[in-house]
Each structure stands twice: as C-alpha cells, then as structure tokens.
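Take a look at the structure below.
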Amino acid sequence: GFLTNWIIAQHPGMFRAAVTQRSVSNWISEAGTQEYTPQAMREEFGGTIWENHDYYWGRSPLKYADRITTPTLIIHSDRDEITPLGQGKEFYYALKINGVETEMVVFRGESHGLSRGGRPVNLVERLDRILEWFGRYP
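For the sequence shown, the positions run 560 to 697 when the working numbering is used.
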C-alpha cells in the first residue's frame, strides 16, 4: 500500500491505474495514532514526529498528492489497528480534492489481514473490485 501511494506520487502518469490497500499515506498521523515508542521513532525516522517533523512529512505520499494523476482504488478495513482507516481516508480525500479519479472501498468488520484471513465473501469481493478497477483502464 505505502509503496503504491509513493510510486504514483513520485512518477505521475507512469501507470494507467493503481490499487492501494491498507496503506500509510501520512507518516505524521500514522505515528500519532500508533503505539510507537520514542525509541522506535528515532530508529525508523531519526527522531519523534516533533523532533524530525520534516523527515516524516517528506516521506509521506500525502505531501505529494497534488502530483498524482493515476486513477486509484483505495481498499481499507474499518478494524485495521496496524494502519488505521484514517490513512486511507486522508489519501482518498486528497485525491478527490486534486481531481484524480478515485474510489474507496471499506470492508466492515475486517482487519489489516483482510487479503489473507478475511471472511470468504469479502475476499471474493476484494478481488472482484480489483479486477473491475483494472478492467476500466486496459
């Protein structure tokens, strides 16, 4: 997910369509909603979000959302405790504001592990949505 967000922001027009799932779009809000210890923040980002704000923001796809042109399907689960639903919503609204064709699908009652351990009906729907999305942009 994060890498999909990052590459479509850094290379506009490279892809005809994208699907991002359970993805981080903003490292500042991600760090602010997770149980990251100050030590973990320092190891991953060279400091806490207050000590190294620019580093976190500079590595957040959301910062570059105004560059994105790729039609993007965002898939998220409402019970994802690893990457909160807000991450997907931030990216969705940024793309909408910037005129990018986008849709967001939220799977109710599912977690971060939707693609590996979700309810069978949701596993099928997820794959159907992905195939349908890419089918629009051959």
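Here a beta-carbon is modelled for each residue, glycine too, at the ideal position from N, C-alpha and C.
- With respect to residue 685, residue 634 sits close: the two C-beta atoms are nearer than 9 Å.
- DSSP, reduced to helix, strand and coil, places residue 636 within a strand of the structure shown.
- Only residues of its own chain outside the window of five on either side were considered, and among them 563, 567, 629 and 631 have a CB closer than 6 Å to the CB of residue 577, listed in chain order.
- Residue 661 sits in a strand when the DSSP states are folded into three classes.
- Rounded to whole angstroms, the separation of the alpha carbons of residue 616 and residue 586 is 7 Å.
- Here the C-alpha atom of residue 614 lies approximately 11 Å from the C-alpha atom of residue 622.
- In the three-state reduction of the DSSP assignment, residue 628 falls in the coil class, being assigned neither a helical nor a strand state.
- Going by beta carbons, residue 644 and residue 665 fall inside the 9 Å limit.
- With contacts defined by Cβ atoms closer than 9 Å, residue 696 and residue 575 form a contacting pair.
- For residue 625, the closest of 560, 606 and 649 by C-alpha to C-alpha distance is 649.
- Per DSSP, the unbroken beta strand (DSSP E) holding residue 579 starts and ends at 577-580.
- The beta carbons of residue 678 and residue 669 sit closer together than 9 Å.
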